[in-house]
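**Q** Following the working numbering from start to finish, the sequence shown increments by one per residue and tops out at 831. For reference, the structure I am asking about is given below.
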Amino acid sequence: MASPLCIRGGRILDPVRGIDRVQDLWIQDGKIAGLGEDAPADVRSNKSAEVIQVPGAIVCPGLVDIHVHLREPGQEEKETIETGTRAAARGGFTTVACMPNTSPPLDDRPRIEYVIRRAEESGLARVHPIAAVTVGQMGERLTEIEDLVDAGAVAISDDGKPVRNAELMRRALELTRRLGVPVIQHAEDPDLKGDGVMHEGWTSTRLGMKGIPDAAESVMVARDALLAELTGGHVHVAHVSAARSVEIIRRAKARGIKMTAETAPHYLILTDEAVEGYDPRTKMNPPLRSAKDRDALIEAVADGTLDCLATDHAPHTEIEKDSDFDAAPFGIVGLETALGVLLKALVEPKHLSIPELILRMTANPLRVLGLPGGTLEAGTPADVTIFDPARRWTVRAAEFASMGRNTPFEGWELKGLVLLTMLGGKVTYRAQPLEVSAR
Ligand SMILES: [Zn+2]
393 MASPLCIRGG
403 RILDPVRGID
413 RVQDLWIQDG
423 KIAGLGEDAP
433 ADVRSNKSAE
443 VIQVPGAIVC
453 PGLVDIHVHL
463 REPGQEEKET
473 IETGTRAAAR
483 GGFTTVACMP
493 NTSPPLDDRP
503 RIEYVIRRAE
513 ESGLARVHPI
523 AAVTVGQMGE
533 RLTEIEDLVD
543 AGAVAISDDG
553 KPVRNAELMR
563 RALELTRRLG
573 VPVIQHAEDP
583 DLKGDGVMHE
593 GWTSTRLGMK
603 GIPDAAESVM
613 VARDALLAEL
623 TGGHVHVAHV
633 SAARSVEIIR
643 RAKARGIKMT
653 AETAPHYLIL
663 TDEAVEGYDP
673 RTKMNPPLRS
683 AKDRDALIEA
693 VADGTLDCLA
703 TDHAPHTEIE
713 KDSDFDAAPF
723 GIVGLETALG
733 VLLKALVEPK
743 HLSIPELILR
753 MTANPLRVLG
763 LPGGTLEAGT
773 PADVTIFDPA
783 RRWTVRAAEF
793 ASMGRNTPFE
803 GWELKGLVLL
813 TMLGGKVTYR
823 AQPLEVSAR
């Protein structure tokens, strides 16, 4: 039996169980041993216990991000599973689900197994691969979905692109319904998107840039709501950006349709006006939209229409992102700024309490994928995040663990510093200095 570990002085948040109080958290053999007096007496009286003092900090279940691009295999110049999961740990995340638009895509069993194996070797986060819906993500022929789920895929998606063909989407939903996994849709009508580079509105007109209307997203969300109803399958809408999409999802849920959805931190704090400087680090797909859309998204996160938050962490090389706005690829990194940005976007203006935010970053995303966890219940793996909600820090992309430096938040002062991230009782990230003592 290894020495127990005690996290002392922190505010324990376990929103699933309604726990919010200052208490000791005991960890033993990689698992949660218990809170305060509930931990077994032999653990609490163990003379060799290590104590980490975290007064004023929040101690919560490890954060979960179900939408990241780890770029491996094939695009290791952008990110690897090792660097991506190191970034996750630094951002307070212990679990991520990675998208299949690698090169080649995750459309067969060996590649799913490869991702799982590489992630285990790195040991920095639980990585759940998402398999492609169609072979090569070409939108023509379904992958061996059952085999891919059997290999460990937790969902299927052609993210980066939509599943454009409604009949293929229907069959994917019928198959996945039986397997109990969602189809994650990058909701976008490619014809409406055209070669747009930013949100279609006043700003795009003024800047003389090609726009992407909000309907490019919303028509696909509406179609998928109908297909989910037709099949009884589960559609999860990735990175919702538009007020109209929110309205459709809200109505679909009210009708009992199995539709869940996420949005990303940047859509909750930035609008298309951020594009005014033509900075490619404000270019992502879907694009930053209007203030009205941003406000609708915030309301939808608060009322639960949007189930969870996910970063859409999309690293690119500096050369790619240094090109001019039109030529630059879509996408920004998000793992290392998510918590700070979300505290600023949602908690500071009092749209959400901290426990409500944590729920949307832990148990809720896991539930979308049908996975257990997201709690500090005794006996569960000790995936724990500790952060100081009052501590200020400045975003410096040069300090990121991610290979991607493409963030629109460079130089921002944020509150909420991750102090320690723990995966199955093992520390995967520790900020300096953090006081550790023997008991
Ligand atoms: Zn996408």
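Virtual Cβ for every residue (Gly too), placed ideally from N, Cα, C.
1) When the Cα atoms are used, what is the spatial distance from Pro-605 to Arg-759?
2) Under a criterion of Cβ closer than 7 Å to any non-hydrogen atom of ligand 1, which residues qualify, in chain order?
3) Measuring only the C-alpha atoms, how far is Asp-406 from Asp-539?
4) Using 8 Å as the cut-off, can you tell me whether the stretch 615-628 makes contact with the stretch 527-541, which would need three or more C-beta pairs spanning the two stretches below that distance?
5) Tell me whether Val-511 sits in a helix, a strand or coil according to DSSP, three-state version.
6) Please tell me whether His-626 and Met-651 are closer than 9 Å, where the distance is taken between their beta carbons.
7) Rounding to the nearest angstrom, what Cα-Cα distance links Glu-464 and Met-676 in this structure?
8) Report the residue from Ser-682, Val-525 and Tyr-659 whose alpha carbon sits nearest the alpha carbon of Ser-596.
9) Buried or exposed for Asp-587, please, with buried defined as at least 16 other CB atoms from any protein chain shown within 10 angstroms of its CB.
10) Do you know offhand how far Val-834's Cα is from Ser-633's?
11) Spatial neighbours of Val-667 within its chain, please: CB distance less than 6 Å, with the 5 preceding and 5 following residues excluded, ordered by chain position.
12) Grouping DSSP H, G and I as helix and E and B as strand, with all else coil, what is Asp-587?
13) Round the Cβ separation of Leu-812 and Val-460 to the nearest angstrom and send it over; I've been treating them as touching at under 8 Å.
14) Can you say whether Lys-439 is buried or exposed, counting buried as having 16 or more other CB atoms within 10 angstroms of its CB?
15) Measuring alpha carbon to alpha carbon, tell me which residue in Thr-655, Glu-474, Tyr-670 and Thr-697 is nearest Ser-794.
16) Can you find at least 3 beta carbon pairs, one from the stretch 745-759 and one from the stretch 429-439, that sit closer than 8 Å?
17) Give the C-beta separation of Pro-497 and Ala-524 to the nearest angstrom, bearing in mind that I take them to be a contact with Cβ-Cβ under 8 Å.
18) Kindly list the residues whose CB is nearer than 6 Å to the CB of Met-561, restricted to its own chain and excluding five residues on each side of it in sequence; keep chain order.
19) Can you tell me where the beta strand (DSSP E) holding Thr-494 begins and where it ends?
20) Give the straight-line distance between the Cα atoms of Glu-580 and Ile-640, rounded to the nearest whole angstrom.
21) Nearest to Ile-458 by alpha carbon, out of Glu-442, Met-491, Gly-600 and Glu-513?
22) Taking all protein chains shown into account, do 16 or more other C-beta atoms lie within 10 angstroms of the C-beta of Met-530, making it buried, or fewer, making it exposed?
**A** Taking the geometry as given:
1) Approximately 31 Å, taken between the alpha carbons.
2) Those residues placing their Cβ nearer than 7 Å to any heavy atom of ligand 1 are, following chain order, Asp-551, Gly-552, His-578, Ala-630, His-631, Asn-677 and Asp-704.
3) Between Asp-406 and Asp-539, the C-alpha separation is close to 35 Å.
4) Between the stretch 615-628 and the stretch 527-541 there are fewer than three inter-stretch CB-CB distances shorter than 8 Å, so the stretches are not counted as touching.
5) First, the amino acid is wrong: residue 511 is Ala here, not Val. Here Ala-511 carries a helix assignment [DSSP, helix/strand/coil].
6) Yes.
7) One C-alpha to the other measures close to 20 Å.
8) For the options Ser-682, Val-525 and Tyr-659, the alpha carbon positioned closest to that of Ser-596 is the one of Ser-682.
9) Looking at its Cβ environment, which holds fewer than 16 other Cβ atoms inside 10 Å, Asp-587 is exposed.
10) Lying outside 393 to 831, the shown extent of the chain, residue 834 is not represented and no answer is given.
11) Correct list, in chain order: Met-590 and Thr-674.
12) Three-state result, Asp-587: coil.
13) No, Leu-812 and Val-460 are not in contact; Cβ-Cβ is about 21 Å, not under 8 Å.
14) Exposed, by the Cβ-count rule.
15) Residue Glu-474 is the option with its Cα nearest to Ser-794.
16) Cβ pair count under 8 Å is below three, so no.
17) About 5 Å separates the two Cβ atoms, so the contact holds.
18) Excluding sequence positions up to five before and after Met-561, its CB lies within less than 6 Å of the CB of Val-555 and Leu-619, all in the same chain and listed in chain order.
19) Here Thr-494 belongs to no beta strand (DSSP E), and DSSP marks it neither H nor E.
20) Computed Cα separation, rounded: 14 Å.
21) Of the candidates Glu-442, Met-491, Gly-600 and Glu-513, the one whose C-alpha sits nearest the C-alpha of Ile-458 is Met-491.
22) So Met-530 counts as exposed.
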